[in-house]
Amino acid sequence: MTEEAVARYATFAERRHQAALSPQGSLALVNTQWVTDEQTVWAAPGVWAPRPDGEPGLMVKAVASDSITVDGVLVDGEASVSPKGDKPASEVRFSDTVSATVIAGEPGFALRVFDQQSDDATGFSHIDRYDYNPDWVLNAAWREIPGGSIVGFEHLKDDGNARDEVVPGDIVLEFEGESYTLSAFKAGTALQLVFADTTSGVETYSVGRFLFCAPQPDGTITLDFNYAILPPCAFSYQYNCPLPPANNRLPFPIRAGEKQVMATSGGLLHPE
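Start counting the sequence shown at 0; every next residue gets the next number (numbering that gives the first Met the number 0).
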């Protein structure tokens, strides 16, 4: 174990802590509401609707006393709100601590409301984690699948329905004399491995954890489980996280990375 590796791990841990507490961090999310017609949204002022011109995003109707700003401009009438995507999302604020953003998905567009003074944010203490352990930096083989394959990932709130994700290759991990073929889907420029192990629900968050990784040109892929992170749903019940498929449920304990989100009371922020 090198001092440099331990220092990098400590820096990563501090950045994760700060990100969770950020204005639109995982602890701040208080509502995600899909807007399919003209309607009010819980925790947000104004009246929201799909854009009448068919362009991506939502339309908001408000009076000045609602104190809604879109990209710094007070709304007194109507304003269009752009979603996250190819262009920067509109910056929506309701107060110094409450903001919003628009996301795309099914069945269209949703407004996400964030409150830095939410119960989760004010009750948060820290992310419990294992100490850095170089034994959990594992090398695996990367087997690209031409054109990729489609793997269904169930989500926490989808009642067993799977969402198809593109898996561009197999991760083949040899560990303690056994071979495991893991599936990771594309997440930007990286791959996202959603996994569980025998610590899940005992020492670590029961839903599972995430690990981001990338194949190397030599056909290998490094799985540094020290950087395994908790999914957003460990921080706020408002998130709907992917669950590990059967082949990503490993029959051994991975005592590395993040464990649980802890409350100022000394217990779990979200007791399971």
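Glycine included, each C-beta is placed from N, C-alpha and C at the ideal position. The model shown is predicted, which means the values in this text are computed figures rather than measured ones.
Pick from the options that is closest to residue i, judged by C-alpha positions
i	options	result
residue 21	71, 34, 95	95
residue 52	79, 111, 129, 9	79
residue 56	72, 90, 62, 75	90
residue 219	231, 170, 244, 58	170
residue 103	10, 33, 19, 255	33
residue 28	261, 246, 238	238
residue 215	60, 143, 228, 155	143
residue 58	181, 76, 130, 179	76
residue 86	74, 101, 97	101
Proximal residues to residue i (C-beta, below 7 Å), its chain only, five neighbours per side dropped
i	result
residue 185	165, 167
residue 36	48
Alpha helix (DSSP H) segment containing residue i, residue limits
i	result
residue 17	2–19
residue 122	118–122
Whole-angstrom distance between residue j and residue i, CA atom to CA atom
i	j	result
residue 82	residue 70	12 Å
residue 258	residue 233	10 Å
residue 226	residue 68	37 Å
residue 201	residue 261	15 Å
residue 242	residue 192	10 Å
residue 245	residue 187	24 Å
residue 236	residue 126	16 Å
residue 60	residue 190	40 Å
residue 14	residue 4	15 Å
residue 9	residue 62	47 Å
Residue interval of the beta strand (DSSP E) (run including residue i)
i	result
residue 46	43–49
residue 178	177–186
residue 135	That residue, residue 135, is in no beta strand (DSSP E); it is neither H nor E in DSSP.
residue 167	161–174
residue 60	57–61
residue 222	219–223
residue 272	Residue 272 lies beyond the residue range present for the chain, which begins at 0 and ends at 271; the question has no answer from this structure.
Close Cβ partners of residue i (< 6 Å) along its chain, the five nearest in sequence each way excluded
i	result
residue 249	196
residue 149	163
residue 271	205
residue 24	18
residue 97	114
Buried/exposed call for residue i, threshold 16 Cβ in 10 Å
i	result
residue 251	exposed
residue 230	buried
residue 204	buried
residue 45	buried
residue 64	exposed
residue 141	buried
residue 266	exposed
residue 74	buried
Residues near residue i by beta carbon distance below 8 Å, same chain, minus five either side
i	result
residue 272	Any property of residue 272 remains undetermined from this structure, which presents the chain solely from 0 to 271.
residue 138	219, 220, 221, 222
residue 26	19, 20, 117, 119, 120, 123, 234, 235
residue 254	129, 132, 135, 198, 202
residue 108	33, 34, 49, 55, 56, 57, 82, 101, 102
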